[in-house]
Every structure is written in structure tokens, then in C-alpha cells.
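Q: Following the working numbering, the numbering of the sequence shown begins with 7 at its first residue and continues without gaps. A virtual CB, placed ideally from N, CA and C, is assigned to each residue, including glycine. Next up is a structure, given as C-alpha cells.
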Amino acid sequence: MISKETAPIIAAFIDKRGCFYYRINEKGHHFHTFKISTIDESVIRLLYRLTNMGHVRKSIKNGKVVYTWLVHSRVELYHLLTSIIPYLKNRREEAEKMLEFLRYKKKQHRFNSVTARKAVMKRYRKRND
Numbered sequence: 007m008i009s010k011e012t013a014p015i016i017a018a019f020i021d022k023r024g025c026f027y028y029r030i031n032e033k034g035h036h037f038h039t040f041k042i043s044t045i046d047e048s049v050i051r052l053l054y055r056l057t058n059m060g061h062v063r064k065s066i067k068n069g070k071v072v073y074t075w076l077v078h079s080r081v082e083l084y085h086l087l088t089s090i091i092p093y094l095k096n097r098r099e100e101a102e103k104m105l106e107f108l109r110y111k112k113k114q115h116r117f118n119s120v121t122a123r124k125a126v127m128k129r130y131r132k133r134n135d
């Protein structure tokens, strides 16, 4: 769960380095992702700990180790966006478009803000046990 104290911190990193994207594969399935990549592992780990969402991936690009924080889950992405959009500046339009896409998809999957919060809290409890 993202607190009101940490939401502006997360939004600042997202404004600087964040990327929202979605695509449709050849079978018509929709994929939505948010990511931040950097060579500074501590930044990625901090964002992951503050949100307890998504996962961290380590890769090598151009001979450098790159750390990426990815959020694929529709539930987690919805919760992340609703928490940080008020604090975004540069990426606000992208985030609002992604949220609009998620809201459209939720109508098809019986997904709402209450179920999103419950799912995030359930996952948060599992990780901390």
C-alpha cells in the first residue's frame, strides 16, 4: 500500500525515469506495463520496498548492469496510478491514459478500486509473512 507520505517520492522518480506502455499481441490479448530502469540498484530497490508491487529484474546492456522495476499486474498498476497521479507532472498525461485503459478493461473483468486495494493488501501480507 502506498502512503500519502511516500506517493510524492515515488511520483518524482516516475516523472524522471518512468515508462508506461501497453500493447496487443497477435491473439488480441492486452498487455500493460510500467517500468523504471537505471544502473543504480538502490533506487530500484527503494521503489520496490515503498510500493511492494511488481518485481525487480537485473540485466546487462552495453556492458553495464541495469536494474528495472516492472509492474505488470492490472490490480497493482491501478493502485499505483490512483495513488501517484495527483503528484505527477511530466508523465501525468501518460499515467492518465494508462488509468483510462485499465478502467476500460476493469469493466470487462469485474475489477474496481475496492478489489484492487484488497488484492494489493493480500499480496503485501503474503510477502511480509
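1) Less than 8 Å between the CB atoms is what I'm expecting for Leu83 and His38, so what's the real figure, rounded?
2) Hey, could you find the ends of the alpha helix (DSSP H) Lys22 is sitting in?
3) Need the endpoints of the beta strand (DSSP E) that Leu76 sits in, please.
4) By DSSP's criteria, Phe107 is part of a beta bridge. Which residues make up the other side?
5) Count the CB pairs spanning the segment 64-77 and the segment 91-105 that are closer than 8 Å, and state whether there are at least three.
6) Return the CA-CA distance between Ile140 and Ala17, expressed in angstroms with no decimal places.
7) Report all residues from its chain with a CB closer than 8 Å to the CB of Ile2; omit the five preceding and five following residues, and keep chain order.
A: Let me lay it out:
1) Correct: roughly 6 Å between the Cβ atoms.
2) Per DSSP, Lys22 belongs to the alpha helix (DSSP H) from Ala13 to Arg23.
3) Run containing Leu76: Lys70 to Val77, per the beta strand (DSSP E) assignment.
4) Answer is none; Phe107 lacks a bridge partner.
5) Look at the beta carbons and you see the segment 64-77 not touching the segment 91-105: under three pairs across the two are nearer than 8 Å.
6) An answer regarding residue 140 cannot be provided, because it is not within the stretch 7 to 135 covered by the chain.
7) Since the first residue of the chain shown is 7 and the last is 135, residue 2 is not available in this structure.
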